[in-house]
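Letter 197 of the sequence shown, counting from 1, is numbered 452 in our numbering, and no numbers are missing.
Cβ atoms here follow ideal geometry from the backbone N, Cα and C, with glycine treated the same way.
Here is the structure we will look at, set down as structure tokens.
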Amino acid sequence: MSGNNQQKTILVTGCSSGIGAYCARALKAEGWHVIASARTEQDLATLRNDGIEAYRLDYAEPESIASFFEEAMAATGGRCDALFNNGGYGQVGAVEDLPVEALRAQFEANFFGWHDLTRRVIPVMRAQGHGRIVQCSSILGLVPMRFRGAYNASKHALEGLSVTLALELEGTGIHVSLIEPGAIASRFRANALRHFHRNIDIAASVHQQDYQAQLRRLEKQERSDNGKLRPDAVHKVLQHALNAPRPRYHYTVTREARLGAIARRLLPARLFYPWLARQD
């Protein structure tokens, strides 16, 4: 895993459940020194009980980002071989129904906070002469869907910023990769529904019938799990992004994500966008 005998260190964020929780534990089992983050004391305690060093981080709170980074560097002696930015949430709702405050909150948690933490690790990696930055984006950062405007926008922004960063870091020994999953079994949809009900006035919307139909589908899918892949599918490509001599810039995960990416490349806009408008 390393060119020397010193244990490699990775910061993994959003480890309360789902992708982050699985990857933190799997990486620790593989020999990484994992520094994990979560927002609540209960989730931090669960991670620590499993032998993982964990500190509080909320991407929407700049002071917690600074504190997390300082604690992580103190725990590793100033070493950071890799950063796996993960976590955040999805704000559901039609663009015309989105309060500006909800859109700002989405970008704080899914974009600005990630940028803040990433900027802090780059000088450490430059001094080392190597590093891996892996962003857990989404296929919706490449292929948008209706009623996901806030989330689509935050992931499109992350894609653009991360690819630009990758170009700027060429030749430094620091590699940047984006993982673009489709639906993965996690608490993501439950959290999205909570933000949807908090910020969207369903009764006053012209999209009320669409919302009700989608809510029924989502509730049914949550009960059945709808054949979604597990977080280990993301861990598999994360391993490649962290360990391969020449990691990829993009890793799509799940069949639907791969199909969406292919359709985006092959179909002209006059066919592709109407097709997207029929997807839920």
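Rounded to a whole number of angstroms, what is the C-alpha to C-alpha distance between LEU433 and GLU425?
Rounded to whole angstroms, LEU433 to GLU425 spans 15 Å at the Cα level.
With a 10 Å radius around its C-beta and 16 neighbouring C-beta atoms as the bar for buried, classify GLN297 as buried or exposed.
exposed
Sequence ranges, alpha helix (DSSP H) only - wholly within the stretch 310–376, length at least 4
Those alpha helix (DSSP H) runs which fall completely within the stretch 310–376 and span 4+ residues are 317–331, 355–362.
Note the first and the last residue of the continuous beta strand (DSSP E) segment covering CYS391.
386–391
Am I right that PHE339 and ILE439 are in contact with their C-beta atoms under 8 Å? What's the rounded C-beta distance?
About 15 Å separates the two Cβ atoms, so there is no contact after all.
Length at least 3, wholly inside the stretch 406–493: the beta strand (DSSP E) runs in chain order:
429–436
Taking all protein chains shown into account, decide if ARG520 is buried (16 or more other Cβ within 10 angstroms of its Cβ) or exposed.
exposed
Residue from PRO486, THR268, ALA349 with nearest C-alpha to VAL389:
Answer by Cα proximity: THR268.
What's the gap between the Cα of GLN494 and the Cα of TYR466?
38 Å
Starting from THR301, follow its DSSP beta bridges and name the residues at the other end.
Per DSSP, none; premise fails for THR301.
For ILE265, which three-state DSSP category applies?
strand
Tell me whether the beta-carbon of HIS430 lies closer than 7 Å to the beta-carbon of ARG471.
no
Give me the Cα-Cα distance between LEU422 and ALA445, rounded to the nearest whole angstrom.
36 Å
Euclidean distance between Cα positions of VAL376 and SER319:
15 Å
Could you give the C-beta distance for VAL289 and GLY333, rounded to a whole number, given that I count them as a contact under 8 Å?
In fact, because the Cβ distance is near 17 Å, the residues do not count as touching under 8 Å.
Straight-line Cα distance separating SER417 from ARG359:
Roughly 20 Å separates the two Cα atoms.
LEU352, buried or exposed, once every other Cβ within 10 Å from all chains shown has been counted against 16:
The amino acid at residue 352 is misidentified as Leu; the sequence shows Asp. ASP352 should be labelled buried.
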